[in-house]
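Residue numbers (the numbering used here): 63 to 189. The beta carbon of each residue, even a glycine, is placed where N, CA and C say it ideally should be. Notes to accompany the following structure.
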Ligand code: THU
């Protein structure tokens, strides 16, 4: 399997999702080929939950990465789980029109461009 997808599936195993029981993993490949992973981390106040995609991206940013090639998102759904709206916004700001691969534990895979999932984005060009 594509290592990026395998990393997203593996990261999903670390999800802290006691409230939703919906485990998500993410992996992002930077311009140097390094893979940064994340899982969703829930909170009893719910609203402070952070999605797997933002955990992976913020980990990457905090390690100094600034350019990215691909993102993978893993969840155990037959209809593959896409990033939520908040994650699409944040991914757009840091990654632009990046490739996003969705995968499930049965190795079903679909690939999208962020622009297609998030048309007409707001970003810093409007400020
Ligand atoms: N979640 C993610 O981590 N990424 C997604 O793309 C969709 C949703 C998490 C947030 C929450 O912990 C759980 O899945 C249910 O919404």
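Cβ-heavy atom distance, residue i to the ligand THU, below 7 Å
| i | result |
| --- | --- |
| residue 104 | yes |
| residue 174 | no |
| residue 65 | no |
| residue 91 | no |
| residue 115 | yes |
| residue 156 | no |
| residue 136 | no |
| residue 139 | no |
| residue 86 | yes |
Cβ distance (whole Å) where residue i is taken to contact residue j below 8 Å
| i | j | result |
| --- | --- | --- |
| residue 86 | residue 114 | 4 Å |
| residue 130 | residue 162 | Wrong, their Cβ atoms sit about 11 Å apart, outside the cutoff. |
| residue 66 | residue 134 | 5 Å |
| residue 88 | residue 118 | 4 Å |
| residue 102 | residue 77 | 5 Å |
For residue i, the nearest candidate out of the options (CA to CA)
| i | options | result |
| --- | --- | --- |
| residue 128 | 138, 153 and 135 | 153 |
| residue 179 | 64, 164 and 102 | 164 |
| residue 100 | 110, 74 and 84 | 74 |
| residue 185 | 159, 125 and 64 | 159 |
| residue 79 | 111, 122 and 72 | 111 |
| residue 220 | 187, 174, 181 and 136 | No answer is possible for residue 220: it lies beyond the span of the chain, which begins at 63 and ends at 189. |
| residue 83 | 172, 69, 96 and 108 | 108 |
| residue 183 | 148, 171 and 170 | 148 |
| residue 125 | 189, 76 and 98 | 98 |
| residue 143 | 172, 92 and 76 | 172 |
| residue 94 | 64, 132 and 187 | 132 |
| residue 170 | 96, 156, 155 and 140 | 140 |
| residue 189 | 174, 155, 181 and 64 | 155 |
| residue 151 | 168, 116 and 92 | 116 |
Start and end residues, alpha helix (DSSP H) containing residue i
| i | result |
| --- | --- |
| residue 106 | No alpha helix (DSSP H) holds residue 106; DSSP gives it neither H nor E. |
| residue 155 | 147 to 157 |
| residue 116 | 114 to 124 |
Beta strand (DSSP E) segment containing residue i, residue limits
| i | result |
| --- | --- |
| residue 101 | 97 to 101 |
| residue 88 | 86 to 92 |
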